[in-house]
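Chemist:
Protein chains: 2
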Amino acid sequence: MTNVESFSPAGLSRSSADSAPKTGIVMLNLGGPATLDDVQPFLLELFADREIIQLPFQRWLGPFIARRRTPKVRGLYAGIGGGSPILRYTEAQGRGMVARLDRLSPATAPHRFYVAFRYTRPSSEEALRRMHADGVERAVAFTQYPQFSCSTTGSSLNELWRAAGRTGLRDAFDWSIIDRWPVHPGFIEAMTGTVRDGLEQFELADRQKVLILFSAHSLPLHVIDRGDSYPQEVGASVQRVVESLGVPNPYLLAYQSDVGPVRWLGPRTEQVIRRLGARGQKHVLVVPIAFTSDHIETLSELDREYGEVAHQVGITHYKRAPALNDRPRFLDALAEIVRDHLQSGAPYSTQYPMRCAGCTNPQCRNVLNPVSSRMRS
Amino acid sequence: MTNVESFSPAGLSRSSADSAPKTGIVMLNLGGPATLDDVQPFLLELFADREIIQLPFQRWLGPFIARRRTPKVRGLYAGIGGGSPILRYTEAQGRGMVARLDRLSPATAPHRFYVAFRYTRPSSEEALRRMHADGVERAVAFTQYPQFSCSTTGSSLNELWRAAGRTGLRDAFDWSIIDRWPVHPGFIEAMTGTVRDGLEQFELADRQKVLILFSAHSLPLHVIDRGDSYPQEVGASVQRVVESLGVPNPYLLAYQSDVGPVRWLGPRTEQVIRRLGARGQKHVLVVPIAFTSDHIETLSELDREYGEVAHQVGITHYKRAPALNDRPRFLDALAEIVRDHLQSGAPYSTQYPMRCAGCTNPQCRNVLNPVSSRMRS
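Top line first, the protein sequences correspond to chains A and B. Start counting the first sequence at 1; every next residue gets the next number (my numbering). Start counting the second sequence at 1001; every next residue gets the next number (my numbering).
#1: Grab me the residues of residue 277(A)'s own chain with a C-beta within less than 6 Å of its C-beta, minus the 5 sequence neighbours each way, in chain order.
#2: In this structure, does DSSP put residue 1376(B) in helix, strand or coil?
#3: Run through chain A and tell me which residues come within less than 9 Å of residue 1224(B), C-beta to C-beta.
#4: Since residue 1211(B) and residue 1111(B) should fall inside the 8 Å C-beta cutoff, what is the C-beta to C-beta distance between them, to a whole number of angstroms?
#5: Tell me which residues of the stretch 340-370 of chain A have at least one Cβ-Cβ distance to chain B shorter than 7 Å, keeping chain order.
#6: Identify, in the order they occur along the chain, each residue of the same chain with its Cβ nearer than 8 Å to the Cβ of residue 303(A), setting aside the five sequence neighbours on each side.
#7: Within 10 Å of its beta-carbon, does residue 238(A) have 16 or more other beta-carbons around it, so buried, or fewer, so exposed?
#8: With C-beta atoms as the reference, is residue 1195(B) less than 7 Å away from residue 1114(B)?
#9: In chain order, what residues of the same chain have a beta carbon less than 7 Å from the beta carbon of residue 1361(B), not counting five sequence neighbours either side?
#10: For the alpha helix (DSSP H) containing residue 1202(B), name the first residue and the last one.
#11: I need the boundaries of the beta strand (DSSP E) containing residue 1254(B), first residue and last residue.
#12: With 7 Å set as the bound, which would you pick, yes or no: does the beta-carbon of residue 69(A) sit closer than that to a beta-carbon of chain B?
#13: Could you check the C-alpha separation between residue 214(A) and residue 1293(B) for me, to the nearest Å?
#14: On a Cα-Cα basis, can you pick out the residue from 101(A), 198(A), 170(A) and 367(A) that is closest to residue 131(A)?
#15: Under 7 Å, do residue 1366(B) and residue 1161(B) count as touching if we go by C-beta distance?
#16: Please confirm whether residue 120(A) and residue 42(A) have their CB atoms less than 7 Å apart.
#17: Tell me which same chain residues have a C-beta within less than 7 Å of the C-beta of residue 1013(B), skipping the five on either side of it?
#18: Do residue 1101(B) and residue 1346(B) have their CB atoms nearer than 7 Å?
#19: Could you tell me which whole alpha helix (DSSP H) segments of length 4 or greater appear in the stretch 266-297 of chain A?
#20: Could you name the residues of the same chain whose beta carbon sits closer than 7 Å to that of residue 20(A), not counting the 5 residues immediately before and after it, in chain order?
#21: Thinking C-beta only, is residue 219(A) closer than 7 Å to residue 265(A)?
#22: Determine the burial state of residue 5(A): buried for a count of at least 16 other Cβ atoms within 10 Å of its Cβ, exposed for fewer.
#23: Which ranges does the alpha helix (DSSP H) cover as unbroken runs of at least 4 residues, wholly within the stretch 1012-1056 of chain B, from first to last along the chain?
#24: Given this structure, state the Cα-to-Cα distance separating residue 329(A) from residue 1351(B), to the nearest angstrom.
#25: Closer than 7 Å, CB to CB, is residue 219(A) near chain B or not?
#26: For residue 140(A), which residues in chain B fall below 9 Å Cβ to Cβ?
#27: Mapping the DSSP letters down to three states, classify residue 1148(B) as helix, strand or coil.
#28: Which residues bound the alpha helix (DSSP H) around residue 319(A)?
#29: In three-state DSSP terms, what is residue 1231(B)?
#30: Hey, how far is the Cα of residue 1061(B) from the Cα of residue 1104(B)?
#31: Using 7 Å as the threshold, is the C-beta distance between residue 1149(B) and residue 1225(B) below it?
#32: When the distance is taken between beta carbons, is residue 1190(B) closer than 7 Å to residue 1092(B)?
#33: For the stretch 1230-1249 of chain B, which residues have a CB atom closer than 9 Å to at least one CB atom of chain D, in sequence order?
#34: Whole angstroms are fine: how far does the CA of residue 325(A) sit from the CA of residue 298(A)?
#35: For residue 49(A) and residue 1245(B), I'd like the C-alpha separation in whole angstroms.
#36: If you reduce the DSSP assignment to three classes, tell me which class residue 9(A) lands in.
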């Protein structure tokens, strides 16, 4: 565990020096454009993903919308420093996680992490190729979304299995999946820490007046109506964080980042902020409850855009709880989640096989070479 | 507080023989028509409640719709034995609760319960008058809805305070409120017991194949968009019951009983059942998660109506978990919830003052003579 960094190929950690990794952990997330020039390719990928966006004539309309949105989105990324910090944070999370895992779970060590982003690099194909080159056989697909949605974790997993086919690595690994962790005690404790830090941004005398506004990325109602488990799991996360927090502040859950003409799950975070201001609320702490790293939705939407709205409507003290990012308690949590998963021996959560009642996608809820079936055979 | 006993009307429990009650517990619920002749008055009250239904020209359109729906709803109640069992169950719950409370909380004994239904008798006015006649001074408004919604608990509380004004009893009692209990351990344990009983209705060999379908009453999206906390709290209840249950069955949360032209929160229970059947699910256990007694939505909608749907779509084994009704563990839970509340000394939950962001009703979240303010003065 000493000379790790120098060996690791760009963007990957080595958990235990030169020894071949025994367990590869694929960290799944949507990703974000690292530079302004990556914005358009990112949007092209996003608008091509039929698992989250269905457009008529998608092969033409998707690129059209992506290109039309590029200047605006480039501007947003320019405003937060010229790119998304998600790769940097995910790598920090991965490094912290595998270092801890090697201690927590020596039987499955050495561990190595591989980042697989859905709409930008490193892609699932790259992660799989690197993992194969490293000699990994036992692989864990670890979603970085705490609460499951077909639009996020579901799409990433389906892409991972497709990428395994495209790269000829369909049989290269024994897989298991960490498909959700909305109330894992480590996650809840880490998230509670961010809320405490958020509250401490207010003057002590004001702290009791703070309304805690949990904000999660919204979903179109047609996804909700299909039976997506996301709102149920977000509700459970919020409840657990509030209990763990143990402060008397009132709280509220709202949903952000809806776009386009269809109706999305509410209440809308922006509208809630407007209404809170209108009725005289002066102190608001926004808590991103469904995403683990800072990204455009925290740095630009919550901080800048809604911060401006809050200012306009008279919320004199508008703050945001920090994202989990690389806080040590969260790195602990990530390692604990993987350890608990490995110890369970289960190929996935009991909830994973539960396709949405309205699912029409035959790719959903598959898993390549699940580890426990091989162990049984 | 001595010579009240002779005033106590029939239909109410005595918790401790003839001694005057020290603590009155008002059990708030929507109620239901006890006989077929009560159906129309019930619907008239329901469609007059602007806190849950806003109609243009409500004073005319409300009664019109209520009268038009009466024959159909009478038919539904005829099909479940000629009336709602909610009063019978609420009285059984109240009796069990106060008997336990007298043991659990001797300092606040004797306890007596008073039923206050929103749309049928006994009304809030009756409950208040009886409580006054009994010599009660310390009163607890105890919602019988585990998860808070402005449409249910909110409406009942507002009506209780209005009734206190109408009856001249505005200053008769020191109040505190039990406004929600979505994850109270006693409730969760009792609810988990109903799911276990539900699973035991299946053959042992089939039990692992059962999909657990939690079903809660839906709300119109405009209520959700206002910031009602109901879906978050229902999600939390589901998560806690599933954890407490500890079985590997997949589960899903859906919402039932939407009516009228506006869009409601989904997924719709009925549609979920249709889709589960269409994809070959044969074993479904429906669990009413947001209501404590059997009522038209369990006995008629879940059992008969959706049972018929399930049969049509090939769900060969469709069962429903029993309602909490008068199961002893639930009577324990009710007493524990009140005991915990009384011990806390709090006038209401920390969440109660949190009006919906979009609330426009000045009556909301008030409380008459909160007990702690008197204690302080």
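All residues carry an ideal CB built from backbone N, CA and C; glycine is no exception. Model, not experiment: these values are computed from the prediction.
Modeler: On the basis of the supplied data:
#1: 313, 314 and 315
#2: Residue placement at residue 1376(B) is poorly supported in this model, since its pLDDT is 40, which falls under 50; the coordinates are not used for a value here.
#3: 265, 266 and 267
#4: At roughly 41 Å, the Cβ-Cβ gap does not stay under 8 Å, so residue 1211(B) and residue 1111(B) are not in contact.
#5: Close to chain B, meaning a Cβ-Cβ distance shorter than 7 Å, are the following residues of the stretch 340-370 of chain A: 350, 351, 353, 354, 357 and 358.
#6: So the qualifying residues of the chain are 320.
#7: Residue 238(A) comes out buried.
#8: no
#9: 1051
#10: Run containing residue 1202(B): none; DSSP gives neither H nor E here.
#11: Note, residue 1254(B): beta strand (DSSP E), 1251-1256.
#12: no
#13: 32 Å
#14: 170(A)
#15: yes
#16: Yes, these two residues count as a Cβ contact at 7 Å.
#17: Low confidence applies here, because residue 1013(B) scores a pLDDT of 46, under 50, leaving its location unreliable; read the following figure in that light. Result list for residue 1013(B): 1094, 1095, 1098, 1112 and 1113, in chain order.
#18: no
#19: 269-278
#20: Closer than 7 Å at the Cβ level, and outside the excluded window around residue 20(A), lie 134 and 135.
#21: yes
#22: A caution first: residue 5(A) carries a pLDDT of 29, below 50, which makes its placement in the model too unreliable to give a value.
#23: 1039-1048
#24: 28 Å
#25: No, residue 219(A) does not count as interfacial toward chain B.
#26: Within 9 Å Cβ-Cβ: nothing; residue 140(A) doesn't reach chain B, min ~20 Å.
#27: DSSP places residue 1148(B) in the coil class of the three-state scheme, outside both helix and strand.
#28: Unbroken run through residue 319(A) is the beta strand (DSSP E), 317-320; no alpha helix (DSSP H).
#29: helix
#30: 49 Å
#31: no
#32: Their beta carbons are not under 7 Å apart, which means residue 1092(B) does not touch residue 1190(B) by this criterion.
#33: The question asks about chain D, but that chain is absent: this structure's protein chains are A and B.
#34: 12 Å
#35: 37 Å
#36: A caution first: residue 9(A) carries a pLDDT of 40, below 50, which makes its placement in the model too unreliable to give a value.
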